[in-house]
Structure formats: structure tokens, C-alpha cells
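Down below is the structure, laid out as C-alpha cells.
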Amino acid sequence: RALTAHGFQETMESLTVLAETDSEDGLIHESFYRDGYWKFTRAEFGMANALYAELIFRSVAGFDDTNFALLPASLDLEPPSQTPRLTTPEVQLEDALRLTQALSLLLHQLG
Numbered sequence: 070r071a072l073t074a075h076g077f078q079e080t081m082e083s084l085t086v087l088a089e090t091d092s093e094d095g096l097i098h099e100s101f102y103r104d105g106y107w108k109f110t111r112a113e114f115g116m117a118n119a120l121y122a123e124l125i126f127r128s129v130a131g132f133d134d135t136n137f138a139l140l141p142a143s144l145d146l147e148p149p150s151q152t153p154r155l156t157t158p159e160v161q162l163e164d165a166l167r168l169t170q171a172l173s174l175l176l177h178q179l180g
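Shown next, in the form of C-alpha cells:
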């Protein structure tokens, strides 16, 4: 929902729910129970974590959006996905730099 939100408030609300219901190490669960987010089905879920990272990259660091239209014919029917930015351009640049540095450090440690 947050990746395709039409406004700041919807993105912010979704991001808040995700942040409040993630695990202690910041990973997203496959699903959690309505009556208690601390009860969940899987401790981590790769696809959900990738989408969470995509949301952070877009809404906080200002990375470009990806068009999620599945078929070329649907491009005429669906407007391109544009996640609302939650920070100023200056903060986006700082956040993008931090993310790039962190990813560079991880790649350096792996290689």
C-alpha cells in the first residue's frame, strides 16, 4: 500500500505500521496476528524485506520510483507508481549518501 500511495499521509501511516510491527532486528514478518503483532508466522520474509527497503529508499532517500505495471497495454490504464517523498530534497541526499555508504561497506566486507 505504501509503495503506491497517493499521498504523504497514506505513506506515513503505512511506514509507521511497518516500523511498529517489525521484529527487534528490523525485519518484516510474513504475517502477524490481528490481536497481537508480536505473534507472527515467520521471523523474516525476504520479499517483504526487499519491498520494505524499496519503500525506505523511495520515501526517505528519494530514490526513483519503479513502474509496477505488469503489461505494456496496462500503461494507458494505470498511472505510474510514485511513492510520496517524506523528507526534503536535502535530507533525501543525505539519506541516499548514507544508504550508498552502508551498501558499499557491506559489499566490501563480503568481497
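With our numbering applied, the sequence shown corresponds to residues 70 to 180, in that order. Idealized CB from N, CA, C, for every residue including glycine.
For residue i, which of the options has the nearest alpha-carbon?
i	options	result
L168	I125, T85, A119 and L72	I125
G131	R154, L120 and A112	R154
A119	E99, K108 and W107	E99
A165	L87, I97, L96 and E123	E123
F114	D91, D134, W107 and R103	D91
D94	L174, F77 and A112	A112
For residue i versus residue j, is the C-beta distance shorter than 9 angstroms?
i	j	result
S128	T85	no
T152	L72	yes
E103	S83	In the sequence under discussion, the amino acid at residue 103 is Arg, which differs from the Glu named in the question. The answer is no: Cβ separation not under 9 angstroms.
Can you check DSSP and say which residues form a bridge with residue i?
i	result
F101	F109
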